[in-house]
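When we follow full-length UniProt numbering, the leftmost residue of the sequence shown carries the number 1, and every step to the right adds one.
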Amino acid sequence: MTTVAVIDFETTGLSPAMGDRATEIAIVLLEGDRVVDRYQSLMNAGVRISAFIEAYTGISNEMIATAPPAAQVMDEANRFVGGRPMVAHNASFDRRFWTAELQRLGQAAEQPFACTLLLSRRLWPEVRSYRLGSLAAYHGLPDAGRAHRAMADAETAAALWCRIRTDLHSRYGVAQARHALLMHLQACSRKALPRAIERHRAAVH
């Protein structure tokens, strides 16, 4: 059974290309639908947190001042992931920071990222908002704690990933909704999804 790493970053802003850095990371390892391990840490990248971001995340400059260096945290996080395929909500955001922070260490970021936001758009067109909290409320997922803290958001994204896999099984008969298949489906249009699933089912039978 494939283990995936569900990741969430809190950051000083939207883009590492604009000088923004990670302030917190959390990773939940899922084996099938079962959580088998977790990693979480604040990190000090030497970049000041604005008042807006502090209010948004609850992470203050005082908290970061006593956190371990970003290089140490990212090295630990990369070893924790261990090359496993990755999952995130709005994965393009987390992938940018994962890649940028590892590049600072001279390490390659080669893991493929599946996106629970893109998959949710394909599967549930009736949903009004695809924010993580809105999807959690829509599906009645367990409350993982304060939104916009890395572990709470990683836990919620992991629960949403499990719901996506369950829905693919119950609605489309996909017995093993593996990471590679979900990456393929997130790249499909909404209308093309049933046909892509049918091709997959034909290929595995």
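Where a beta carbon is used, it is the ideal one built from N, C-alpha and C, also for glycine. From a predicted model like this one, the values you see are computed outputs, not experimental measurements.
Report the option in the options whose CA atom is closest to the CA atom of residue i.
i: Val204; options: Ala192, Gln176, His184, Gln107; result: Gln176
i: Met183; options: Arg171, Arg165, Tyr172; result: Arg165
i: Phe80; options: Leu14, Ser50, Val36; result: Val36
i: Phe113; options: Ala157, Tyr138, Asp75, Arg128; result: Ala157
i: Glu155; options: Met18, Gly19, Leu29; result: Leu29
i: Leu160; options: Glu10, Trp124, Glu110; result: Trp124
i: Ala91; options: His200, Ala5, Ala192, Glu62; result: Ala5
i: Arg199; options: Arg190, Val174, His179; result: Val174
i: Asp20; options: Ile53, Gly32, Thr3; result: Ile53
i: Ala187; options: Leu118, Ala55, Pro194; result: Leu118
i: His148; options: Gly83, Ala137, His139, Leu132; result: Leu132
i: Ile27; options: Glu62, Val127, Asn61, Asp94; result: Asp94
i: Ile59; options: Arg178, Arg171, Ala150, Ile197; result: Ala150
i: Pro68; options: Thr23, His179, Ala202; result: Thr23
i: Ser50; options: Pro142, Leu14, Asp33; result: Leu14
i: Glu76; options: Asn61, Tyr172, Gln40; result: Gln40
In whole angstroms, what is the alpha-carbon distance linking residue i and residue j?
i: Ile25; j: Pro16; result: 15 Å
i: residue 268; j: Ala144; result: Summary: the structure shown does not reach residue 268, with the chain confined to residues 1 through 205, and so no result is reported for it.
i: Arg38; j: Pro85; result: 15 Å
i: Arg48; j: Ser134; result: 30 Å
i: Glu10; j: Lys191; result: 34 Å
i: Ile7; j: Gln111; result: 12 Å
i: Ala71; j: Ala45; result: 8 Å
i: Thr57; j: Cys162; result: 25 Å
i: Thr3; j: Ile64; result: 31 Å
i: Thr99; j: Gly82; result: 15 Å
i: Ala202; j: Arg178; result: 15 Å
i: Ala196; j: Asp167; result: 15 Å
i: Ser170; j: Ala137; result: 20 Å
i: Ser189; j: Asn78; result: 32 Å
i: His139; j: Glu126; result: 12 Å
Assign residue i to one of two classes, buried (16 or more other C-beta atoms within 10 Å of its C-beta) or exposed (fewer than that).
i: Thr66; result: exposed
i: Ala108; result: exposed
i: His89; result: buried
i: Arg146; result: exposed
i: Thr12; result: buried
i: Met18; result: exposed
i: Glu101; result: buried
i: Asp33; result: exposed
Compute the beta-carbon to beta-carbon distance between residue i and residue j, rounded to the nearest angstrom, for a pair I have assumed lies under 8 Å.
i: Met74; j: Leu42; result: That pair is no contact at about 12 Å.
i: Arg122; j: Tyr130; result: Incorrect: roughly 11 Å between the Cβ atoms, too far for contact.
i: Leu193; j: Leu185; result: 6 Å
Quickly, what does DSSP pair residue i with across the bridge? List them, please.
i: Cys115; result: Ala88
i: Ile27; result: Ile7, Tyr39
i: Ala158; result: Answer by DSSP bridge pairing: none, since Ala158 is not bridged.
i: Pro125; result: Paired residues: none, contrary to the question.
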